[in-house]
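With the sequence shown counted from 1, adding 1 to any position gets you the numbering used here.
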Amino acid sequence: MVPYLYALGAILCWASLPAAVGAGLDGLPTESLLFYSFTSAALYLYVQDVVRTRSVRLYLPGLTASLWGVAGIFGYHWVYYMAMDNAPLAEAAILATTWSFWIVVFSSVLVFKKLKGSIFATALMGMVGAGLVISSNAALSFDTAYMKGYLQALLCGLIWSSFSVALPRLNTRENPMTAFTVYAAVISAAFFLVTGPHPFPGGRALASAVYLGLVPLGLSFFLWNRAVATGNLSVIGFLSYLTPPLAVFLVAFIHGQRVSGQVLLGMGVIIAASVLGKAALGKDSGKA
């Protein structure tokens with residue numbers, strides 16, 4: 002039960018971003034966004050480690066794990082921001098959400114040595130529910146003019162799902178997420194300097210980028226590592242479908258907006274997919 006509470010904590014961190022920052026990140030160049038958010042995330046995780054371990058030593062994992070970390074942490078977010086720049090927001094967000102689907106599929110294949118039809122169907126059902134939520138206030142078109150952005154968003158799903166499934170198998174002695182985030186901060190700083198000079202962001206944009214670094218990045222990385230280290234990844238994948246509806250509900254609660262019927266329908270589909278998926282996992286585990 003505890004790993005799934007960690008997963009829900011990470012999911013709430015991600016879902017909090019729209020309600021917390023609104024349009025605060027609009028107009029902030031990708032290089033600046035990466036620099037300010039990853040620098041904040043790295044400092045947060047390092048200070049947290051110092052407090053927890055009472056040591057100023059930064060644990061650095063081996064080369065293979067480090068490369069996975071750079072791909073998963075920096076690579077995912079860099080490609081994600083590029084996708085958001087190159088495709089309409091709703092369409093790109095739906096395609097990027099496929100990481101939840103792939104986590105369920107990849108982890109199930111690893112456990113059962115083949116793709117179970119029942120698990121595939123419920124994972125697809127969860128993705129449909131997430132799509133209903135994300136598209137609730139948008140007219141989807143998937144115009145081929147934005148194909149580059151669509152492909153980048155799909156790549157996001159593959160990057161984060163592969164990283165998440167590999168994370169508990171990296172054989173690191175300690176939590177590697179701080180080191181991975183430090184690597185991302187260093188790479189982001191290099192990009193920031195090479196592509197500069199960049200104007201200093203306004204107060205709202207800077208506060209939004211720092212919040213992104215502290216919560217949807219820093220705190221969520223810590224919680225996500227705790228979740229995938231000991232939890233069932235397929236169950237965690239189903240839980241992650243809750244990110245879009247929780248984001249909508251938080252915006253509605255904090256800003257007094259109405260929740261549409263389509264969002265409620267999507268939430269119902271996600272919950273149904275999670276329940277059916279958990280049942281399928283339990284049934285298949287019993288046969289394995």
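We put the CB at the ideal spot given by N, CA and C, even for glycine.
### Leu299 - DSSP class collapsed to helix/strand/coil
Because the chain in this structure spans residues 2 to 289, residue 299 falls outside the shown range and cannot be described.
### Query
Is Gly287 buried or exposed, if buried means 16 or more other CB atoms sit within 10 Å of its CB?
Caution applies to Gly287, whose pLDDT of 41 falls short of 50 and renders its modelled position unreliable; the model cannot decide the point.
### Task
Check whether the segment 133 to 148 touches the segment 263 to 270, taking contact to mean three or more Cβ pairs, one atom from each stretch, closer than 8 Å.
yes
#### Entry: C-alpha distance - Arg170 paired with Gly262, whole-angstrom precision
41 Å
### Message
Our contact map puts Ala220 next to Ala20 with C-beta atoms below 8 Å; I'd like the distance itself, whole angstroms only.
### Response
A small correction: the amino acid at residue 220 is Leu; Ala does not occupy that position in the sequence shown. In fact, because the Cβ distance is near 16 Å, the residues do not count as touching under 8 Å.
### Query
Applying the criterion that 16 or more other CB atoms from any shown protein chain within 10 Å of the CB defines a buried residue, is Gly130 buried or exposed?
buried
### When Ala274, Ala210, Ser275 and Gly278 are compared against Ser38, the one with the closest alpha-carbon
Ala210
### Extent of the continuous alpha helix (DSSP H) to which Val260 belongs
Neither: Val260 is in no alpha helix (DSSP H) and is coded neither H nor E.
### Boundaries (first-last residue) of the alpha helix (DSSP H) holding His78
Tyr77 to Asn87
#### Entry: For Arg227, three-class secondary structure by DSSP
helix
### Message
Just to confirm my understanding: we take Ser17, look at its own chain, exclude 5 residues before and 5 after, and list those with CB closer than 8 Å. What are they?
### Response
Val216, Pro217, Ala248 and Leu251
### Anticipated Cβ contact below 8 Å, Cys157 with Tyr77, distance rounded
6 Å
### Message
One question on the structure: do Leu240 and Ala8 come within less than 8 Å of each other, judged by their Cβ atoms?
### Response
yes
### Message
Using only CA atoms, which one of Ser165, Ala154 and Val166 lies nearest to Trp79?
### Response
Ala154
#### Entry: Among Ile74, Leu213, Phe201 and Ser163, nearest to Val110 - alpha-carbon criterion
Ser163
### Task
Counting only the same chain and skipping the five closest in sequence on each side, list residues whose C-beta sits under 7 Å from that of Pro89.
Tyr147
### Task
Return yes when the Cβ of Gly118 is within less than 8 Å of the Cβ of Ile271, no when it is not.
no
### C-alpha distance - Ser189 paired with Ser33, whole-angstrom precision
8 Å
### Message
Please state whether the Cβ-Cβ distance between Leu61 and Phe222 is less than 8 Å.
### Response
no
### Message
Is it buried or exposed, Arg53, if we count other Cβ atoms within 10 angstroms and call 16 or more buried?
### Response
exposed
### Query
Leaving out the 5 sequence neighbours to the left and right, which residues in its chain are closer than 8 Å to Tyr184 when beta-carbon positions are compared?
Ser67, Gly70, Val71, Ile74 and Phe75
### Message
Please tell me whether Val166 and Leu96 are closer than 8 Å, where the distance is taken between their beta carbons.
### Response
no
### Query
Is Thr179 near Leu59, with beta carbons less than 8 Å apart?
yes
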